[in-house]
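S.K.: All residue numbers for the sequence shown refer to my numbering, where the first residue is 336 and numbers rise by one. Glycine included, C-beta positions come from ideal geometry on N, C-alpha and C. Please read all numbers here as calculations on a predicted model, not as lab measurements.
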Amino acid sequence: MAPKLVDYLSYEPEENGILWIRFNRPDRLNALVGTAEENGTVAKVGEYMRAGDDDPKIRVIVLTGVGRVFCAGADLRSKMPAEVTGEDFPGARGAHEGPDAARQHFFHGFTKLHRDISLIRKPTIAMINGPAVGSGMDMALHCDIRIGCEKTRFIGYQNAGQIIENGGSYYLPKMVGLGRALEFAYTGELDAQRAYDWGMLNHLVALDKLEETTRALCDRIIKVPPLVQWVGKRIMRAALDSTMETTMVLTSNAGGILNGSEDAKEARRAFAEKRPPVFKGQ
336 MAPKLVDYLS
346 YEPEENGILW
356 IRFNRPDRLN
366 ALVGTAEENG
376 TVAKVGEYMR
386 AGDDDPKIRV
396 IVLTGVGRVF
406 CAGADLRSKM
416 PAEVTGEDFP
426 GARGAHEGPD
436 AARQHFFHGF
446 TKLHRDISLI
456 RKPTIAMING
466 PAVGSGMDMA
476 LHCDIRIGCE
486 KTRFIGYQNA
496 GQIIENGGSY
506 YLPKMVGLGR
516 ALEFAYTGEL
526 DAQRAYDWGM
536 LNHLVALDKL
546 EETTRALCDR
556 IIKVPPLVQW
566 VGKRIMRAAL
576 DSTMETTMVL
586 TSNAGGILNG
596 SEDAKEARRA
606 FAEKRPPVFK
616 GQ
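(1) Of the residues Asp473, Leu552 and Thr487, which one's Cα is nearest the Cα of arginine 403?
(2) Distance, Cα to Cα, alanine 371 vs methionine 472?
(3) Would you grab the beta carbon distance between methionine 623 and methionine 571 for me? Rounded to a whole angstrom, and I think it's under 8 Å.
(4) Beta-carbon within less than 7 Å of lysine 379's beta-carbon, same chain only, minus the 5 sequence neighbours each way: which residues are those?
(5) Over what stretch of residues does the alpha helix (DSSP H) that includes tyrosine 531 continue unbroken?
(6) How would you write the range of the alpha helix (DSSP H) that threonine 582 sits in, first residue to last?
(7) Measuring CB to CB, does proline 458 end up less than 8 Å from valine 540?
(8) Under 8 Å: do the stretch 405-419 and the stretch 354-374 share three or more Cβ pairs, one atom per stretch?
(9) Going by the CB atoms, is the gap between glycine 503 and leucine 525 shorter than 8 Å?
(10) Based on DSSP bridge pairs, tell me the residues matched to methionine 462.
(11) Three or more C-beta pairs under 8 Å: does that hold for the stretch 493-507 against the stretch 542-557?
(12) Let me check one thing: in DSSP terms, what residues is leucine 354 bridge-paired to?
(13) Could you have a look at isoleucine 570 and say whether DSSP puts it in helix, strand or coil?
(14) Relative to the C-alpha of aspartate 451, which residue among Met474, Ala461 and Phe614 is closest?
(15) Am I right that leucine 517 and leucine 562 are in contact with their C-beta atoms under 8 Å? What's the rounded C-beta distance?
(16) For arginine 488, report the span of its beta strand (DSSP E) as first-last.
(17) Give the single residue among Phe424, Leu454, Arg604 and Arg515 whose Cα lies nearest to the Cα of phenylalanine 441.
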């Protein structure tokens, strides 16, 4: 089912199997619309990604920004009206005021919405064409792969009196080590070269090569049986919080199941017949 589209986030599926999702408020540096509301930008990113996940023609999902910024995070200068953002999600609709109301709004809305990105089964890529600030950085960190350029910056909300969010607090120490993650937590900004050196970026290329590099990687991904990617992704993400023994059980079970899949049979047939395989994710 196609998502309900909004003009501040574009949905661009291509015949080659790539889905491009673009933050589309370049006049506002791609700042978020809303926070934890049903039509807020973060909710829509999840909705768009789930639609791509359900579309058998889509093989890889790319999240990027229109213009010179990936995503500037929360719009601190203006607030969109309720008729645009929609209602808060259940659990974040309490009428009470105070710090706990803010916590509830964040946990039942923003926290879940960010996590939705990590639950997508298909490969996800953040093509970071400029600064990724606050929630923008968080969404990039929840993606599987990050590709940056010399314009890429990771910027936290420290100067606005906030800690880094779910993807930053969880993934960053695992990606770069605790000391480096804490350095970022204390300072709040990282340039492209250092992000690449630390391992936050899989690739660092010139801005004019950014889309070319992303498309080349997508092409390589599309040539691999999708079931292998979907199962491998879920096991690796689960292994972040698991043990070697549990991971061995998961991989052993998956290997036996995958061996009998239609995609595995097609891969073997195509190899024997010296032709490109045609995978169906079955």
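M.R.: So, from the data block:
(1) For the purposes of this step, residue 403 is taken as residue 68 along the sequence shown, with counting starting at 1. That would be Thr487, whose Cα lies nearest to the Cα of arginine 403.
(2) Your numbering for residue 371 matches position 36 in the sequence shown. Your numbering for residue 472 matches position 137 in the sequence shown. Those two C-alpha atoms are separated by around 17 Å.
(3) Here the chain comprises residues numbered 336 to 617, so residue 623 is not present and cannot be evaluated.
(4) Against the sequence shown, residue 379 aligns to sequence position 44. Taken in chain order, the residues that qualify are Val341 and Leu344.
(5) Position 196 of the sequence shown, counted from the first residue, corresponds to residue 531. Its alpha helix (DSSP H) spans residues 527-533.
(6) Counting from one through the sequence shown, the residue named residue 582 turns up at place 247. 579-594 is the span of the alpha helix (DSSP H), which, as asked, contains threonine 582.
(7) Looking up residue 458 in the sequence shown gives position 123. Looking up residue 540 in the sequence shown gives position 205. Not a contact, by the Cβ cut-off of 8 Å.
(8) Yes, the stretch 405-419 is in contact with the stretch 354-374.
(9) Position 190 of the sequence shown, counted from the first residue, corresponds to residue 525. Position 168 of the sequence shown, counted from the first residue, corresponds to residue 503. With contacts defined by Cβ atoms closer than 8 Å, leucine 525 and glycine 503 do not form a contacting pair.
(10) On the sequence shown, residue 462 is found 127 positions in, with the first residue counted as 1. Answer is Ile482.
(11) Because the criterion of three Cβ pairs below 8 Å is not met, the stretch 493-507 and the stretch 542-557 do not touch.
(12) Numbered from 1 along the sequence shown, position 19 holds the residue referred to as residue 354. Bridge pairing for leucine 354: Pro348 and Ile396 [DSSP].
(13) Against the sequence shown, residue 570 aligns to sequence position 235. Helix at isoleucine 570.
(14) The count along the sequence shown starts at 1 and reaches residue 451 at position 116. Of the listed residues, the one whose Cα sits closest to aspartate 451 is Met474.
(15) If you number the sequence shown from 1, residue 517 lands on position 182. If you number the sequence shown from 1, residue 562 lands on position 227. About 39 Å; that fails the 8 Å criterion.
(16) The sequence position of residue 488 within the sequence shown is 153, counting from 1. Per DSSP, arginine 488 belongs to the beta strand (DSSP E) from 488-490.
(17) Translated into positions along the sequence shown, residue 441 becomes position 106. Closest option to phenylalanine 441, Cα to Cα, is Phe424.
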